[in-house]
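Take a look at the structure below.
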Amino acid sequence: MMRLACTAVALAALAPLAPGGAQGAPPALPRALPTFPESLASAPCTRTVGGSQLQSAVNRARAGMVLCLRPGEHFVGQLTLPRRDDAGWVVIRTTPVAGHPAPGERVRPSHQGALAHLATTLGGAGATVRADRGARGWYLALLDITIEPSVTAILGTIVNLPRGASDIVLDRVLVRAGASQQVQRCVALNSANTAIIHSWLDECHAKGYDSQAVVSWESDGPVLLDNNTLAGAGENIMLGGADAAEPGVSPQDWTITRNHIVTPVDWKGRWTKKNLFETKNARRILVERNVLDGSWTDGQVGFAFLLKSANQSGGCTWCSASDLTIRRNLIVRAAGAFGITGREGSNDKRLDSLTRRVLIAENYADGIGREPATGAQQLVAVMQGVTDLVIERNTLDGVNINNDLMVAPPRPSAVRLVFRRNALTRGQYSLHGCGGPIANCLPGGSLTGNVFVGSGEVPPGNRSAATMAAAIAMGAGISRGDIEGATRGVVVQP
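Whatever position you read off the sequence shown (first residue = 1), add 74 for the working numbering.
Have a look at this one:
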């Protein structure tokens, strides 16, 4: 959990930052996207199999085969995707029928009756779908992957894609627990060249445990999460959180676009909640044009984004977050918008490097801190020596905000922070410092061109406005119209 204790410093007493602080290298973007034949999305069936025949058919499958299950067909057990000697792809899908979502259209829970169903009867480590190490070339489409209603034990993972597997696509699949069941991970994604597209991951929740819609701690990438609904409780997306088994390995080259990353409000108090997106070990990550909805004080203080580095269990000194690009996302119903920290404050295990090269640009956070999403009551919190952080042209609107920008002890809170042209609600205490002159908290930093909404003093080189609309008209932030255009179609009704 982020520790938010800090020393309040009256704004008028803050020494101004040096103008035009030196900016470090910008974050690198993902080096590649996953590659797979687009024709697989509509490939015709080559063999129809019954649920009881599915595993044996999969074991004998060869590249070019399309294995189809009839709508409503049930496979009960654990489906293993084996390693094959041939190159190419095998498709496992429901036989096409009228009413299926077309390629490129997101599947929805209302499609469930027209899909074949795969369900595990096991708890613990008994995933519904698992890939062998070395498995490659598997395309799963138009399937309902779930847990048998009779299962009451906590399930570790519904879909398990381990390191060593590659070339795997989940396209228009439902991956879900039952409304009262507990699962720690809907998808554990440690494979390479993997995509989850046009899918719906739901009921990914647990009480007293971390739970995720998608988690990875050792994927070489590239990975694409595009046009999905990702409904999780603990952290909807977690990169890191466990030590990689091989030295130097980090989740890397992830592209996360056009997803509805959501924790429903009616889960509050029932399932343990932490945040919506968290890094502990990640490199070259792009998060763009998503809608993030639902984060409040529970297991943590309720930030939407929590970006940090952590050597989780002591065996991963190389684990750190770097080259993170967060842009053009809409945040709603969250207690805080962005928590960025060089390292996990409660974890003193050695790290080779701290969080570095982060860009947060043109995001719109609406109603931060408004009931029922209360807790942090902060727009941005920066601490623990994060390096080369740029926060620019964001609109950060909040209710009952304590701090618009917190720079927390120990010193330095950040090195070469650039905070410019943001439109933000003035907090009750506005800018919080780490003690003493703000320049000591943010060496090499720059705080210019921002517009604070509300009355009171502003740091030198910044302005104030009476309303958020006026602040945006002054050239700060991003308009609601622009962010709605960027995220149009992301929220899909079930």
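C-beta: ideal position from N, C-alpha, C; glycine also.
All values reported here derive from a predicted model rather than from experimental measurement.
Please state the DSSP three-state secondary structure of LEU479. strand
Which whole-angstrom value is the C-beta distance of ASP462 and GLY98, which I expect to be below 8 Å? 3 Å
Suppose only complete runs of 3+ residues qualify. What are the beta strand (DSSP E) ranges in the segment 219-291, listed by chain order? 229-235, 240-245, 248-250, 257-263, 266-271, 274-278 and 286-290
Is it buried or exposed, ASN133, if we count other Cβ atoms within 10 angstroms and call 16 or more buried? exposed
For SER504 versus ASP478, is the C-beta distance shorter than 7 Å? yes
Quick one: what's ALA455 bridged to in DSSP? GLY413 and MET480
Start and end residues, beta strand (DSSP E) containing ILE552: Run containing ILE552: none; DSSP gives neither H nor E here.
Report the rounded CA-to-CA distance for ASP372 versus ALA318, giving the unit in angstroms. 27 Å
Leaving out five residues before and five after GLY198 in sequence, what residues of the same chain have Cβ atoms less than 8 Å from its Cβ? ALA227, ILE228, LEU229 and GLY230
Using a Cβ-Cβ cutoff of less than 7 Å, which residues in the same chain neighbour GLU179 once the five nearest sequence positions on both sides are dropped? HIS272
Once the 5 residues before and after ILE166 are set aside, which same chain residues still bring their CB inside 6 Å of it? LEU141 and LEU214
For the beta strand (DSSP E) containing ARG358, list its first residue and its last residue. 356-362
Nearest to ARG66 (by Cα), restricted to the options SER529, GLN458, ASN385 and ALA395: With the chain covering only 75 through 568, there is no way to say anything about residue 66.
Out of VAL456, GLU531, ALA115 and GLY459, state which residue places its alpha-carbon closest to the alpha-carbon of GLN502. GLU531
Got a sec? Which residues, its chain only, sit under 7 Å from ALA115 by beta carbon, not counting five neighbours each side? PRO177, ALA215 and ASP245
Tell me whether GLY501 sits in a helix, a strand or coil according to DSSP, three-state version. coil
Quick one: is GLN567 buried, meaning 16 or more other Cβ sit within 10 Å of its Cβ, or exposed? exposed
Between ILE557 and GLY413, what straight-line distance do the alpha-carbon atoms span, to the nearest angstrom? 21 Å
Mind checking who SER396 pairs with in its DSSP beta bridge? ARG357 and ARG430
Taking DSSP as the reference, what is the three-state secondary structure of VAL83? Here VAL83 scores only 36 on pLDDT, less than 50, and its place in the model is too uncertain to base an answer on.
Count the other CB atoms within 10 Å of the CB of ASP440; is the residue buried (16 or more) or exposed (fewer)? buried
Apart from the five residues just before and just after THR122, which ones in its own chain have a Cβ nearer than 6 Å to its Cβ? CYS142
Mind checking which residues open and close the beta strand (DSSP E) that includes ARG537? 537-539
Using only alpha-carbon positions, find the residue among GLY449, PHE379 and LYS354 that is nearest to LYS423. LYS354
Just the C-alpha distance for CYS80 and THR561, rounded to the nearest angstrom, thanks. A caution first: CYS80 carries a pLDDT of 32, below 50, which makes its placement in the model too unreliable to give a value.
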